[in-house]
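To start, the structure itself, in structure tokens.
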Amino acid sequence: MFRFLHAADLHIDSPLGGLAAYEGAPVGQIRTATRRAVENLVSLALGEDRPGDEPVDFVLIAGDVYDGAWRDFSTGLFFADKLNRLRDADIPVVLLAGNHDADSVITRQLALPENVITLSTESPQSHRIDLADHGVTVHGQGFATRAVKTDLSATYPAPDAGRFNVGLLHTSAAGHSDHEPYAPCKPTELAAKGYDYWALGHIHTPWDLHDAKDAHAAPIVFPGNTQGRHARELGPRGCRLVTVHDDRRVTSEFRPLDVVRWDKVEVNVAELVAGGEDSPDDFLREAMEGLEAAAHNAREGRDRLLAVRVEFVGTTPADALLRADPHGLEHDVKNAANRLGGVWVEKVKISTRTPPSDVLSGDDGPLGVLAEVLAEARDDPDALAALAESALKDLRGSLRSNLAAHEGPDLFDPEHLRSLLADAGKLARDRLTAG
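The UniProt record's numbering numbers the first residue of the sequence shown as 1 and each following residue consecutively.
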């Protein structure tokens with residue numbers, strides 16, 4: 001049995017644009033979060049993360065160590081220093097360049113410790129790692145330029161016979177709306193390659209492309225980035241701790257590394273109002289309960305900052321009440337969060353809506369006009385006769401040709417026409433108020 005770490009998208013010192021615009025933002029904690037996540041990665045590799053952990057046999061990093069044309073060499077020196085800890089523990093590291101690394105001056109000029117192998121950007125390269133009882137071969141090719149549009153995996157070599165084969169690849173794979181379509185490939189073609197594990201990078205959300213229930217399917221895995229960088233990268237971020245058993249069965253465990261957890265708390269005001277809770281205090285209490293739950297989930301035994309957006313949602317008459325004093329509501333939510341400690345409310349957003357019927361039912365609104373027209377038609381015999389002669393002419397002809405005379409409705413009967421108008425009015429109201 002052996003174990004390795006699969007990480008990707010470290011984006012060390014990724015600039016967090018606009019953060020200073022948030023009053024009271026914990027800028028220092030957030031700016032250093034990507035570095036601290038790397039420190040957690042190294043601690044996990046060394047077996048220091050949790051009691052009972054042991055050092056892994058090697059570490060794989062599937063691209064985007066750096067963040068584009070970032071010229072501060074302290075970023076690279078920090079990374080090299082952390083890799084030195086792995087060198088001292090005889091833990092090999094195999095990595096390749098992602099699209100952001102291809103733009104990086106640091107990538108081209110920084111010398112990394114001798115335990116680190118950076119795979120070629122010119123053609124696929126295979127690197128062998130010989131463990132005590134197992135042989136591992138890592139195949140991969142990095143990005144020579146930022147925008148690689150071809151399928152790099154197509155030219156990866158056949159598996160190295162008798163060894164555990166890993167494909168290391170920075171790719172958009174089958175595509176993801178939040179990421180550029182770089183080095184696209186098909187999961188079916190990756191699986192057909194015959195490798196034992198595909199260690200992917202580029203997609204920041206943890207994502208398994210294989211059938212995790214199939215014990216014989218080679219894992220094809222995006223571990224996600226090691227640290228969420230903004231409010232669109234919600235939830236736990238980290239890496240995969242992969243165990244290869246003696247029978248070559250592969251299991252993996254997601255291990256969080258993030259020190260700032262981005263999350264969102266939704267308060268459904270419509271449900272609260274329907275349950276009889278309709279005051280700002282009720283809405284605030286619900287928000288507080290959501291913040292407490294999110295903070296508890298974020299900590300997971302680790303000192304971690306929760307950066308959270310609170311959003312009030314739902315179609316409710318209380319919409320006007322919420323919007324009457326949005327700044328006061330935001331102040332109350334942030335004040336409540338401060339009492340929890342370790343929680344920073346990034347934004348309070350009001351996304352509730354007034355029920356359409358409230359908007360439409362005024363005298364001059366569509367529902368008001370509809371009600372007036374229907375009322376006039378019901379009370380005006382001439383209007384009913386005109387309706388039967390014009391609007392229902394085609395229907396009457398169709399009924400006459402398909403039904404016996406005694407089977408069809410009498411479309412000249414005023415009472416029947418009034419019933420039809422009532423049904424039509426209800427249908428029109430439902431259509432107008434359906435969101």
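We put the CB at the ideal spot given by N, CA and C, even for glycine.
query: Helix, strand or coil: how does DSSP classify Ala405 here?
result: Residue confidence is low: Ala405 scores 49 on pLDDT, short of 50, so the model does not pin down where it sits. Its coordinate-derived value is still stated next. Looking at Ala405 - three-state DSSP - the assignment turns out to be coil, as it is neither helix nor strand.
- prompt: Alpha carbon to alpha carbon, how far is Pro256 from Asn40?
  reply: If you take the alpha carbons of Pro256 and Asn40, they lie about 9 Å apart.
- prompt: Taking only runs of the beta strand (DSSP E) that begin and end inside the region 123–175, which ones reach a length of at least 3 residues, in chain order?
  reply: As far as the region 123–175 is concerned, its whole beta strand (DSSP E) runs of at least 3 residues are 125–130, 135–140, 164–170.
Unbroken alpha helix (DSSP H) run spanning Glu189, endpoints: First-last of the alpha helix (DSSP H) with Glu189: 187–192.
message: Helix, strand or coil, according to DSSP, for Pro381 in the structure here?
response: For Pro381, the secondary structure class from DSSP, reduced to helix, strand or coil, is helix.
field: Thr75 - containing alpha helix (DSSP H), residue span
entry: Where Thr75 is concerned, the enclosing alpha helix (DSSP H) stretches over 73–88.
field: Buried versus exposed call for Leu384 [16 or more other C-beta atoms within 10 Å across all chains shown]
entry: Looking at its Cβ environment, which holds 16 or more other Cβ atoms inside 10 Å, Leu384 is buried.
message: Is the separation between the beta-carbon of Ala8 and that of Gly224 shorter than 9 Å?
response: Gly224 sits close to Ala8, with the two beta carbons spaced by under 9 Å.
- prompt: Among residues of its own chain, excluding the 5 on either side of Ala405, which ones have a beta-carbon nearer than 7 Å to its beta-carbon?
  reply: Since pLDDT at Ala405 reaches only 49, below the 50 mark, its modelled position is unreliable, and the value read off the structure follows with that caveat. Correct list: empty, nothing qualifies.
message: Quick check on the DSSP output: the alpha helix (DSSP H) that includes Pro280 runs from which residue to which?
response: Run containing Pro280: 280–299, per the alpha helix (DSSP H) assignment.
message: Between the region 122–135 and the region 20–34, can you find at least three pairs of beta-carbon atoms closer than 8 Å?
response: Flag = no, the region 20–34 and the region 122–135 do not touch.
task: Could you say if the region 329–336 and the region 372–386 meet the contact criterion of at least three C-beta pairs nearer than 8 Å?
output: They do not touch, by the three-pair rule.
message: Am I right that Thr352 and Leu329 are in contact with their C-beta atoms under 8 Å? What's the rounded C-beta distance?
response: About 11 Å separates the CB atoms of Thr352 and Leu329; that is not less than 8 Å, and the two are not in contact.
Reduced DSSP secondary structure (H/G/I, E/B, other) of Asn268: Three-state result, Asn268: strand.
field: Reduced DSSP category for His6 - H, G, I as helix; E, B as strand; rest coil
entry: Assignment of His6 by DSSP, reduced to helix, strand and coil, places it in the strand class.
- prompt: With a cut-off of 8 Å, do at least 3 Cβ pairs link the region 240–253 to the region 282–292?
  reply: Between the region 240–253 and the region 282–292, the count of Cβ pairs shorter than 8 Å is below three; the stretches do not touch.
- prompt: What's the gap between the Cα of Arg211 and the Cα of Asp90?
  reply: The amino acid at residue 211 is misidentified as Arg; the sequence shows Asp. Using only the alpha carbons, I get a separation of about 34 Å.
- prompt: Looking at C-alpha atoms only, which residue of Asn115, Asp382, Arg378, Ala386 is the closest neighbour of Asp423?
  reply: Checked all of Asn115, Asp382, Arg378, Ala386; the closest Cα to Asp423 is Arg378.
query: Can you tell which of Val310, Leu96, Leu83 has its C-alpha closest to the C-alpha of Leu112?
result: The residue among Val310, Leu96, Leu83 with its C-alpha nearest the C-alpha of Leu112 is Leu83.
- prompt: Asn115 and Leu86: beta carbons closer than 9 Å?
  reply: Yes, Cβ-Cβ distance for Asn115 and Leu86 is below 9 Å.
Sequence-distant residues of its chain with Cβ nearer than 7 Å to Val343 (five each side left out): The answer, listed in chain order, is Leu291, Ala295, Leu306, Val308, Ala337.
- request: Verify whether the separation of the beta carbon atoms of Leu241 and Phe222 is less than 9 Å.
  value: Not a contact, by the Cβ cut-off of 9 Å.
- prompt: Is DSSP giving Gly28 helix, strand or coil here?
  reply: Helix at Gly28.
Segment limits, beta strand (DSSP E) that includes Leu234: Segment: none, Leu234 is in no beta strand (DSSP E) and carries neither H nor E.
field: Cys239 versus Ser172, Pro55, Pro51, Leu60, residue with shortest Cα-Cα distance
entry: Of Ser172, Pro55, Pro51, Leu60, the residue nearest in Cα terms is Leu60.
- prompt: From Gly201 to Arg31, what does the alpha carbon distance come to, in whole angstroms?
  reply: Between Gly201 and Arg31, the C-alpha separation is close to 22 Å.
query: Is Gln141 buried or exposed, if buried means 16 or more other CB atoms sit within 10 Å of its CB?
result: By the 16-neighbour rule on beta-carbons within 10 angstroms, Gln141 is buried.
message: What does the Cβ neighbour count give for Gly28, buried or exposed, with the cut at 16 atoms within 10 Å?
response: Classification of Gly28: exposed, given that the 10 Å Cβ count is below 16.
- prompt: What is the DSSP secondary structure of Asp64, counted as helix, strand or coil?
  reply: Assigned with DSSP and collapsed to three states, Asp64 falls in coil, not helix or strand.
field: Glu48, DSSP secondary structure in three states
entry: Assignment of Glu48 by DSSP, reduced to helix, strand and coil, places it in the coil class.
message: If you measure between the beta carbons of Phe2 and His216, is that distance less than 9 Å?
response: For Phe2 and His216, no; Cβs fall outside 9 Å.
task: Drop a sphere of 10 angstroms on the beta-carbon of residue 437, count the other beta-carbons inside from all chains shown, and report buried for 16 or more, exposed for fewer.
output: Nothing can be reported for residue 437, as the shown portion of the chain is limited to 1 through 435.
message: Just to check my reading of the structure: Ile117 and Val136 have Cβ atoms closer than 8 Å, yes? What is that Cβ distance to the nearest angstrom?
response: The pair is not a contact, with the Cβ atoms about 12 Å apart (cut-off 8 Å).
- request: Quickly, what does DSSP pair Lys349 with across the bridge? List them, please.
  value: According to DSSP, Lys349 bridges with Glu311.
message: Just to confirm before moving on: does the CB-CB distance between Val38 and Phe73 stay below 9 Å?
response: No, Cβ-Cβ distance for Val38 and Phe73 is not below 9 Å.
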